[in-house]
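Read through the structure below, which is laid out as structure tokens, and then see the notes.
Protein chains in written order, with my numbering: chain U, 10 to 283; chain F, 943 to 1532.
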């Protein structure tokens, strides 16, 4: 079983709400130091402020770019990333142009990421795919493009989409990028069991605002490891359970509905047949 | 030893003799304090032959080593034999009384015997004075508090019974400070049976702390854990415990009309949101509590505390009532008369179902908010229909030939969660040492709220292990004594660390779990010796045979037998639920 210290070092302690000001960012940084998290993950306007607080500590500053939609012009994303690195960011979490990836404009997507990777040097770049709007094939393609540009991580979600990180997607991303590229799971991760499932699926970084609760949850596991990790009802962690016609593009809704109709669990659990 | 006043006093109310009981290091090491030491003292002093209302039945008030030191540490624990369930029973309460008792120089008080006339006991800085309470016998808890505060000390903390305890209502509560209740199991009636109206505590002593500087730093860390946890940092402060109304209703396990349904269509009328919008005056908190889940409220005529989640359910959905004002006023009456709201509402619901089936002489209808306050008052006074209701659901349903309509375990009325929606909770209800209780192992945390970790609520797999673990951890926390809500946010290793910083001991999380296991087994041993067995670890038939028809727990029943076998095996109990000699020896309980 993982130790508390090891787990903390896998967590990007996150605060990306529009309503968060300096007070919250200061607390976030203090918590990150006290609990031993890998980094704080914040919006770019707070970069300098957080870097000043965290200098002379082991905590990195991770800054998002083109967040949360990924639909900004490439130059804007790159400039945002460049400025963040100048202000002290050690990692950049950029959002892919999800719409153009879905349409198959891979050339644009590749250039978009490459420019941010170049602008961010020497900081590492993580590419957020926003999996909830993608088919599995599109996730694979997004991962392949990201790796080809020199990005160091692929990341599941912004936390602002229809759903966040799910084991199936993490597993797929890990299988696609191999062992040398990072996979960050983020979005909707609330406790240790969520976290552990994602780590088991292949994630080596976790983005969460619930990092403190996640660490405390770990202390219970040693007493009943098997019992905690009993298999879920498969539909609970299936992406299909988390989509609705209003929350994702129609094509994605149909994609999952079709999958459900062929699923071996359809008569037992499947949401479309309940 | 740091963390302790090193004084537990036994008072015989029959002859006013007082005797100091030595608390040995071994007792502290094996049972910690609070519930654990209380249970140990109780089993040493009592025997299965002593009945709840016998003068010899000990009534024990305990603080813990952490009382008065860190967040939520104003609590105290009351331990005795329950007149409602006949089991060993402990119940705890927040507020200030625990801290005041310790400041007065006492870790605990044990009452045996019965006073000739009503008395109250005044405890101030090591001195204990037994005073006549004839003039306050018959008064409600608020009046009692006001009179005694004037007589003794306005700054003192007072725990007392109301008319329900005096009249030996089988689910009478003790009330302390601002309407805080030691609610479950009828321990207020035990107090009444001893002619003991109230305890008054005040003092100036401070608890010694082994590592004060380290503790100070650790307190800020603990506060951050609490603030960052979604339940203790957001939900409970925002809407109080009634935040659960929406959640539990959406999960299809909000018991409606005596657990006939799991969805209450009018839940919005009694929700946490509605309380905030309509009757809330301000949030309230126990001693040093950063959560502040309490709700000071006001209706047209009265001010008071609550209602809590369990109460809005008991006087709301359970009875088909969505009138928040009626629910709140019934809650105020319970606070004044000293009545456990869960048992009161559950029992009235049972009477309503009997009435619906034409089996009950009084026509009490679902949704009849107009009669609610009247019924609660009659229970407290044991007048009219209240006389039968005051015996609890089990005795009531049995009398009218339908024992299966009592929603109870071992005689303790079930609280506000239908067990068909959460298998672990069902097992926790069945195996609770004090009867149908959600707090022995708060499985709503993992099965519904996903805290501290999430579990599949419909699965039975692994639940036996988790329930026994939660029962043991809860027994440990009840022995520290801190608020159980902290378990959402603080892991067992850190609970052990707080104890270490206060007492200078060297406990690990593993030691803490073992102490909890020992306490749970000692309680079980007493119950087994009193005649309880596997047949008593059972749920009402409704949960085992009747599927819920609507809501997100529809088509579910409890699969108890399977879990129970696994649970006994893991516990080291035989097939009848009796701890084996080997298990007892391993826990130093032989």
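Virtual Cβ for every residue (Gly too), placed ideally from N, Cα, C.
Quick caveat, the model's predicted, so the values are computed rather than measured.
Residue i in three-state terms, based on DSSP
i	result
residue 966 of chain F	coil
residue 283 of chain U	A caution first: residue 283 of chain U carries a pLDDT of 39, below 50, which makes its placement in the model unreliable, though a value can still be read off. Reduced to three states, the DSSP call for residue 283 of chain U is coil.
residue 1227 of chain F	coil
residue 264 of chain U	helix
residue 1159 of chain F	helix
residue 988 of chain F	coil
residue 1102 of chain F	strand
residue 1357 of chain F	coil
residue 1189 of chain F	helix
residue 163 of chain U	strand
residue 1064 of chain F	strand
residue 1307 of chain F	coil
residue 1260 of chain F	helix
residue 1380 of chain F	coil
residue 1279 of chain F	helix
residue 71 of chain U	strand
Option nearest residue i by Cα separation, candidates the options
i	options	result
residue 1533 of chain F	F/1294, F/1361, F/1240 and F/949	Any answer about residue 1533 of chain F is impossible in this case: the structure gives chain F only from 943 up to 1532.
residue 1509 of chain F	F/1425, F/1495 and F/1374	F/1374
residue 1279 of chain F	F/1117, F/1377 and F/956	F/1117
residue 1316 of chain F	F/1068, F/1180, F/1328 and F/1380	F/1328
residue 1080 of chain F	F/1190, F/1335, F/1137 and F/1471	F/1137
residue 1473 of chain F	F/1114, F/1452 and F/1518	F/1518
residue 178 of chain U	U/169, U/159, U/208 and U/158	U/208
residue 80 of chain U	U/95, U/174, U/104 and U/65	U/104
residue 1018 of chain F	F/1099, F/1220 and F/1406	F/1099
residue 174 of chain U	U/190, U/183 and U/197	U/197
Alpha carbon of residue i to alpha carbon of residue j, nearest angstrom
i	j	result
residue 14 of chain U	residue 1215 of chain F	40 Å
residue 61 of chain U	residue 1377 of chain F	56 Å
residue 1321 of chain F	residue 990 of chain F	29 Å
residue 1466 of chain F	residue 1456 of chain F	15 Å
residue 192 of chain U	residue 1505 of chain F	38 Å
residue 1526 of chain F	residue 1361 of chain F	30 Å
residue 1391 of chain F	residue 1267 of chain F	28 Å
residue 1048 of chain F	residue 1174 of chain F	31 Å
residue 1470 of chain F	residue 232 of chain U	27 Å
residue 1530 of chain F	residue 1011 of chain F	30 Å
residue 1056 of chain F	residue 1264 of chain F	43 Å
residue 267 of chain U	residue 274 of chain U	13 Å
residue 1014 of chain F	residue 1249 of chain F	20 Å
residue 156 of chain U	residue 49 of chain U	24 Å
residue 281 of chain U	residue 224 of chain U	Per-residue confidence for residue 281 of chain U stands at a pLDDT of 49, beneath the threshold of 50, marking its modelled position as unreliable; the derived number appears in the next sentence. When rounded, the distance between both Cα atoms is 35 Å.
residue 259 of chain U	residue 1431 of chain F	40 Å
residue 1135 of chain F	residue 1101 of chain F	16 Å
residue 951 of chain F	residue 1036 of chain F	22 Å
residue 59 of chain U	residue 272 of chain U	47 Å
residue 1146 of chain F	residue 1095 of chain F	13 Å
residue 1289 of chain F	residue 1130 of chain F	17 Å
residue 148 of chain U	residue 10 of chain U	30 Å
residue 171 of chain U	residue 251 of chain U	7 Å
residue 37 of chain U	residue 51 of chain U	9 Å
residue 145 of chain U	residue 181 of chain U	8 Å
residue 1044 of chain F	residue 138 of chain U	58 Å
residue 1499 of chain F	residue 1368 of chain F	10 Å
residue 1425 of chain F	residue 1419 of chain F	8 Å
Where the region 170–182 of chain U meets chain F: residues whose CB sits under 8 Å from a CB there: none
Residues within the region 997–1013 of chain F neighbouring chain U, beta-carbon criterion of under 8 Å: none
Positions along the region 22–53 of chain U whose CB lies within less than 9 Å of some CB in chain F: 36, 39, 40, 43 and 44
Complete runs of the beta strand (DSSP E) confined to the region 109–143 of chain U [at least 3 residues]: 133–137
Contained beta strand (DSSP E) runs [length at least 3] in the region 37–63 of chain U, N- to C-terminal order: 48–51
Positions along the region 1162–1173 of chain F whose CB lies within less than 8 Å of some CB in chain U: 1163, 1166, 1167, 1170, 1171 and 1172
Where the region 1090–1117 of chain F meets chain U: residues whose CB sits under 9 Å from a CB there: none
Residue ranges of each alpha helix (DSSP H) within the region 1326–1354 of chain F, 4 or longer: 1327–1331 and 1335–1341
Minimum length 4: unbroken alpha helix (DSSP H) runs contained in the region 1113–1139 of chain F: 1129–1135
Cβ-based contacts, 7 Å cut-off: residues of the region 189–200 of chain U near chain F: 199 and 200
Residues in the region 1378–1395 of chain F having any Cβ partner in chain U nearer than 7 Å: 1392, 1393, 1394 and 1395
Contained alpha helix (DSSP H) runs [length at least 4] in the region 73–114 of chain U, N- to C-terminal order: 83–95 and 107–112
Contact residues within the region 1261–1272 of chain F, judged by C-beta distance below 8 Å to chain U: none
Chain-ordered residues of the region 1394–1409 of chain F with a beta carbon less than 9 Å from chain U: 1394, 1395, 1396, 1397, 1398, 1400, 1401, 1403, 1404, 1405, 1406, 1407 and 1408
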